[in-house]
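Chains W and R are the protein sequences, given in the same order. Counting from 1, position 113 in the first sequence corresponds to residue 120 in the working numbering; the numbering is continuous, with no gaps. Counting from 1, position 141 in the second sequence corresponds to residue 150 in the working numbering; the numbering is continuous, with no gaps. Idealized CB from N, CA, C, for every residue including glycine. Below is one structure, written out as structure tokens; comments come after it.
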Amino acid sequence: MNRKFYILGGLVVGALVMAACQPAETFECDDPIGCVDIAEGEPIHIAYMLTTSGATAFLGDDSIGGIEIAIDERGQIFGRDILLTGEDSLCSAEGGQTAATRVAADPTVLAAIGTNCSSAGEAASAVLSDAGMLMMSPTNTSPSLTDPAQTYFPGYFRTAHNDKFQGAVAARFAITQLGADTAATIHDGSPYADGLQAVFAEEFEKLGGTVTFQGAVNVGDTDMNPILTTISADSPDVLYFPIFEPEGDFIAAQSRDVPGLENTILFGADGLLVASFAPNTGPAAEGMYLSGPYVSEDIPEYAAFLKTYEANTGGPPPAGFAAHAYDATNIILDAIEAVAVESDDGTLHVGRQALRDWITNLTGFDGLTGTLACGDRQLAGIEAKGECATGEALAIYQLGADQVASADNWPAPVVWLP
Amino acid sequence: MVTAFRQRLAYRFSWVGLLLWVLRIGVVVLIIAGSVNTLTSQKYTLENWVSLFFSGLAQGSIYALIALGYTMVYGILLMINFAHGEVYMAGAFTAYFVAAATARSGFLDSNPWASIGLWLLVSISVSTLVAVLLERVAYRPLRNAPRLVPLITAIGASLFLQYTFRGLYGSTFRSYPEVAILRGTVTILGVNVPIVQIFVILAAIILMLALHTFVERTKTGKSMRAVSEDKEIAGLMGIDVNRVIVTTFAIGGMLAGAAGIFRGLYQPQGISAFMGFLPGLKAFTAAVLGGIGSIPGAMLGGLILGLFESFGPNLILEGLGIEGANQLRDAIAIVLLVLVLIFRPQGIMGEKLSEEKA
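Okay, here's the thing in structure tokens:
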């Protein structure tokens, strides 16, 4: 009896002594999904999940160039360096999932920039949302990613345009500028291409045109004659195929030999807005139209950005989204600066929900791609979340003989601004 | 006698047998119904069908040339060389750089036939070299291992070659230059058919005839046939089995190398380290379709597969009202394979294999 009493007493006293040794004031993290604590001297850590290998590696290279400029310009936050690490998200759901799982496994990561492909984005955003992180994509354009009824997950943002904008711009161009009455579309089964052609077709019919055919090919197909033959039965005025290389190359090149498509105008989208497309496709690409992102070089900030980009990487951005990546990085860094709290012991605390909220409430952000606001909005009558782009930074390009002759003659001339 | 009769009776009226017959009849009815539907709707002109016929035949010729490599190796070693698609890729990808150089220097425009000859030479040499090295490094040490072992090795070799070539030449897509003399069309049955398709078909047929003559008429061909009959006895008869096997791989590699250039002429785009995988799979299907181990079978299988892929979506699937017909093209290849195997398990031209060989 006595002994038990002494042990208990000893424990109570010990606990009191230990409690007294703790620092008097501690930072209380009241963020619903947790805080990141960055000890003194530790860097601010952001990650990218981009396509750095494979056929669409140009997208990843393009984005990384923009991200690095933004980080270089910022220098330090709260006297700490900014650390950028990266994962290859490929251009597939599997790649997105792998990259996001690796990023989510590192608790020091505050935010991720990526992915490039919408297929990877759908998988990655589910994983990162569960992990409490936020991601911001410079190039995902599929409408489903910001639609809460489809594959939107909290913590997902993008500075790329929603394809609802791009598809509508392309359809408007086809009707008003090309004078088209009929159109056919081809996608490749990816969320990006399927979503974009659907918006195009819907808008095209709304503007009074007729869509004669909506079909798809497989990634990896080389012989496009069967689908082109199907399309040729109606000889549409415009053939819209918002897909990637090399299937887009095959369609453009082989369309020349299919009877009935002689007068059909070829029309692609930002997936083919890359310097290598025209030379790879050859003469068939000459005169072809491409819808895609556009930032005017008349804006002095963008001209300066391009100069820095060329100085860093030795060439112009290979795709049209470097400015979007730059804006995405700046929004994330601004959010960290605004939300982070430094406690007395020099530790920096960043609330994860607070970061998301700050970006959601962001309005009037003065970026290269326009004045951005990331709050909820209505797009064509459908709720969209995490959408930062204005939808104005778009244009129609036309490939000429110069682009076919060499990949150095890039970017292609802009022929129409919406 | 009575039991034998009973057994035959039992086979005839077994449920599985009945099911197979129902399946056979059902599929034939579907194919005919789809075709009749499409043809009576008159959506497509004769011009369309002739164009599809020639593009399918050109595609099929390429499949056939690759399929020959599969079938010859199988005939001799009873193994599936799954890395054969990469042998084709190696030649096509390497020769691209020569092709680009001839186009840049203007040699292609001044001497188009000599240029194509040069590309063929490079492609064939590289593919042959890769095929022979593959045999020497990956398969010969495993000659007497259980049959699953070389199969797994082949898959490993396939991945190894894909990523080695990606490392060597990068991951961007390349395109063969356009050959001016192969542009344009010739008129067949009142329909304009691209010259390049006719060229590919004719060149492939010439190569296949040459192979046939080689196997049937020369001494090496005879020893190949002997080794494929029975390796051990052939060895006892004084045939150098290893040499025959290397020769077989080399010939398979040559044909694959030629197929690579034909692909470059017919479909110049999309040359990359991963271009060999899908054609390899299709060619394997073609080889099984024709009867694996049979050389005329592989040729026929390749051509039939090419034609089915070309006609299938428009003629059969569309007539049946199936959505997304063109996305089902790979399914057509597989369905065709399953069908042939139901009707003729040994393939179109295949011989019935004895228990030991099968």
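query	result
Given that W:V224 touches chain R, what residues does it touch there, using C-beta distances under 9 Å?	N335, Q336, R338
Taking buried to mean at least 16 other C-beta atoms within 10 Å of its own C-beta, is R:R192 buried or exposed?	exposed
Taking W:A62 as the query, report the chain R residues whose CB atoms sit under 8 Å from its CB, ordered along the chain.	S180, T181, F182, S281
What number of angstroms, rounded off, separates the C-alpha of R:N90 from the C-alpha of W:N368?	59 Å
Counting only beta-carbon atoms, is W:G407 nearer than 8 Å to chain R?	no
Taking Cβ-Cβ distances shorter than 7 Å, what residues in chain W pair up with R:L287?	G227
Name the residues in the region 157-174 of chain R whose C-beta lies less than 9 Å from a C-beta of chain W; which are they?	none
Roughly how far, in whole angstroms, is the beta-carbon of R:R234 from the beta-carbon of R:V224, given that I think they are within contact range, below 8 Å?	7 Å
Spell out whether any CB of chain W is found under 8 Å from the CB atom of R:P277.	yes
CA-CA distance, W:W95 and W:A106?	A quick correction: the sequence has Asp, not Trp, at residue 95 of chain W. The alpha-carbon atoms of W:D95 and W:A106 are separated by roughly 6 Å.
With W:P286 as the anchor, note down where its alpha helix (DSSP H) starts and where it stops.	284-288
How about W:A260: is its C-beta nearer than 8 Å to some C-beta of chain A?	Here the protein chains are W and R, and chain A is not one of them.
Quick one: is R:S119 buried, meaning 16 or more other Cβ sit within 10 Å of its Cβ, or exposed?	exposed
In terms of alpha-carbon separation, which member of W:D241, W:Q221, W:I193, W:G358 lies closest to W:E254?	W:I193
With DSSP as the reference, label R:I214 as helix, strand or coil.	helix
Output, in sequence order along the chain, the residues in the region 48-59 of chain R whose CB is closer than 7 Å to any CB in chain W.	K52, Y53, E56, N57
Under the rule that 16 or more other beta-carbon atoms within 10 Å means buried, what is R:R33, buried or exposed?	exposed
Check the Cβ-Cβ distances between R:S64 and every residue of chain W, and say whether any is below 8 Å.	yes
Based on Cα-Cα distance, which residue from W:G371, W:A138, W:G128 lies nearest to W:N147?	W:G128
At the level of alpha carbons, what is the spacing between W:A191 and W:V421?	23 Å
Quick check on the burial criterion: 16 or more other C-beta atoms within 10 angstroms. Buried or exposed for R:S114?	exposed
With 8 Å as the threshold, decide whether the Cβ of W:A31 is near any Cβ in chain R.	Residue placement at W:A31 is poorly supported in this model, since its pLDDT is 45, which falls under 50; the coordinates are not used for a value here.
Does R:N323 come within less than 8 Å of chain W when only Cβ atoms are used?	yes
Taking R:T137 and R:A213 to be in contact with their CB atoms under 8 Å, please state how far apart those CB atoms are, rounded to whole angstroms.	Not a contact, Cβ separation roughly 18 Å.
Just the C-alpha distance for R:T194 and W:S60, rounded to the nearest angstrom, thanks.	39 Å
Quick check: the Cα distance between R:F208 and W:I120, rounded to an integer number of angstroms?	50 Å
Given a limit of 8 Å on CB to CB distance, which residues of the region 279-294 of chain W reach chain R?	S283, P286, N287, T288, G289, P290
Do R:P203 and R:A109 come within 8 Å of each other at the CB atom, strictly closer than that value?	no
Under 8 Å Cβ to Cβ from R:L216, same chain only, skipping five residues before and after it: list those, please.	L74, L264, A267
Applying the criterion that 16 or more other CB atoms from any shown protein chain within 10 Å of the CB defines a buried residue, is W:S303 buried or exposed?	exposed
Considering only C-alpha positions, which residue in the set W:A46, W:D228, W:G139 is nearest to W:P39?	W:G139
For the region 187-204 of chain W, which residues have a CB atom closer than 7 Å to at least one CB atom of chain R, in sequence order?	G196
Out of W:S149, W:T158, W:E212, point me to the one whose CA is closest to W:R179's CA.	W:E212
With DSSP run on the structure shown, which of helix, strand or coil describes R:T80?	helix
Ignore the nearest five residues each way along the sequence and tell me which others in W:I182's own chain have a CB closer than 6 Å to its CB.	L214, G216
Checking contacts by CB at 8 Å: is W:N123 closer than that to chain R?	no
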